[in-house]
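As numbered in UniProt numbering, residues 1 to 252 make up the sequence shown, in order.
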Amino acid sequence: MNTAGMLEGKVAVVTGGTRGIGFAVVKKFLESGAKVALCGSRQETVDKALAKLTEMNPDYQVMGICPSLTDYSAVEAAFAKVKEQFGRIDILANNAGISARESIYDYDPDDFAKIMDLNVKAVFNCSKAAAPIMKEQGGGAIINTSSMVSITGQRSGCGYPASKFAVNGLTKSLARELGCDQIRVNAVAPGVTRTDMVAALPPDMVERLAATIPLGRVGEPEEVANVFLFLASDLASYVTGTVVSVDGATVS
Ligand code: NAD
Numbered sequence: 001m002n003t004a005g006m007l008e009g010k011v012a013v014v015t016g017g018t019r020g021i022g023f024a025v026v027k028k029f030l031e032s033g034a035k036v037a038l039c040g041s042r043q044e045t046v047d048k049a050l051a052k053l054t055e056m057n058p059d060y061q062v063m064g065i066c067p068s069l070t071d072y073s074a075v076e077a078a079f080a081k082v083k084e085q086f087g088r089i090d091i092l093a094n095n096a097g098i099s100a101r102e103s104i105y106d107y108d109p110d111d112f113a114k115i116m117d118l119n120v121k122a123v124f125n126c127s128k129a130a131a132p133i134m135k136e137q138g139g140g141a142i143i144n145t146s147s148m149v150s151i152t153g154q155r156s157g158c159g160y161p162a163s164k165f166a167v168n169g170l171t172k173s174l175a176r177e178l179g180c181d182q183i184r185v186n187a188v189a190p191g192v193t194r195t196d197m198v199a200a201l202p203p204d205m206v207e208r209l210a211a212t213i214p215l216g217r218v219g220e221p222e223e224v225a226n227v228f229l230f231l232a233s234d235l236a237s238y239v240t241g242t243v244v245s246v247d248g249a250t251v252s
């Protein structure tokens, strides 16, 4: 589908943009005319992703940043750099995340803290750094990556669904708090999506998972990115405070 021009003149920051869903979002935003700051955890993976995008289209307006997302000052400084280079920030996709599988019996409390730090505190830090910039410009859109397990929980790795329930809480609360500044805040809740997270699972497990999905297959990162594009665009001008499922009706 040709989405060229849908985000013309907009500047987006995408965390966890080096691969998987985040990379698909970066690509979709660039194809749609936005300038994008791709945010990753390491300079090396950021550079690799930037090289891949430039090879796809040398005209893409994309820059790389890699602040520690759990450090508010580092995030604030990185966003200031984006504003300096691209002039504004209209869209923030809070997508970086890690998952967990451990049973509560084996769960290291430090690992629980680690997942909360990246999946929740980083969403808070990035939203806090972006909101004043968006407010000053007259508005913006924040889109958080949640998960289908934010509806159901899961049978192990309780830190992961707990973090995504918190993401939904931040989404709904910030939508109410920032609506008066014309900043919309929504979340996307993917089901099983074909990324490295899923590639790390045994193939028979992925097959069994697919069989339980009404659409009969796992989702593709681009299908999730399409919903990010809608929520980032002016087509969603009256949509805020929602968690949109993209899971083939697995739980939605
Ligand atoms: P992925 O592992 O392919 O990508 C994760 C991204 O997060 C990478 O770009 C990585 O660099 C970044 N990241 C990881 N640790 C980081 C850190 N400490 N600091 C900064 N960035 C860090 O995963 P994905 O499947 O594309 O997941 C993206 C988002 O989608 C996550 O929030 C995940 O919870 C969510 N999600 C994924 C699925 C799925 O089936 N793949 C389903 C539901 C939700």
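In this text, a Cβ means the ideal position worked out from N, Cα and C, and glycines have one as well.
| Asked | Found |
| --- | --- |
| Collapsed DSSP secondary structure at residue 14 in the structure displayed | strand |
| Helix, strand or coil at residue 251 [DSSP, three-state] | coil |
| Inter-residue spacing [alpha-carbon to alpha-carbon] between residue 61 and residue 212 | 40 Å |
| Nearest residue (CA-CA) to residue 68, options 114, 200, 91, 83 | 114 |
| Proximal residues to residue 11 (C-beta, below 6 Å), its chain only, five neighbours per side dropped | 35, 86, 88, 89, 90 |
| Nearest-angstrom Cα separation, counted from residue 58 out to residue 160 | 37 Å |
| Residue from 29, 157, 117, 219 with nearest C-alpha to residue 92 | 29 |
| DSSP-derived helix/strand/coil call for residue 174 | helix |
| Limits of the unbroken alpha helix (DSSP H) element including residue 27 | 20–31 |
| Between the CA atoms of residue 27 and residue 33 - distance to the nearest angstrom | 10 Å |
| Closer than 8 Å: residue 119 CB and nearest the ligand NAD heavy atom | yes |
| Own chain residues within Cβ distance below 8 Å of residue 116, not counting five before or after | 159, 162, 163, 166 |
| Touching by the beta-carbon criterion (3+ pairs, under 8 Å), the region 118–137 and the region 68–80 | yes |
| Beta-carbon proximity of residue 242 to residue 171, cut-off 9 Å | yes |
| Cβ-heavy atom distance, residue 190 to the ligand FAD, below 8 Å | For the structure depicted, the ligand FAD is absent and the ligand set comprises only the ligand NAD. |
| Three-state secondary structure assigned by DSSP to residue 217 | coil |
| Entirely enclosed beta strand (DSSP E) segments - the region 24–99, minimum 3 residues | 35–39, 62–65, 91–94 |
| Residue 192 and residue 144 closer than 9 Å at C-beta | no |
| Beta carbon of residue 216 nearer than 9 Å to that of residue 194 | no |
| Option in 5, 169, 56 with minimal Cα separation from residue 24 | 56 |
| Any non-hydrogen atom of the ligand NAD closer than 8 Å to residue 132 Cβ | no |
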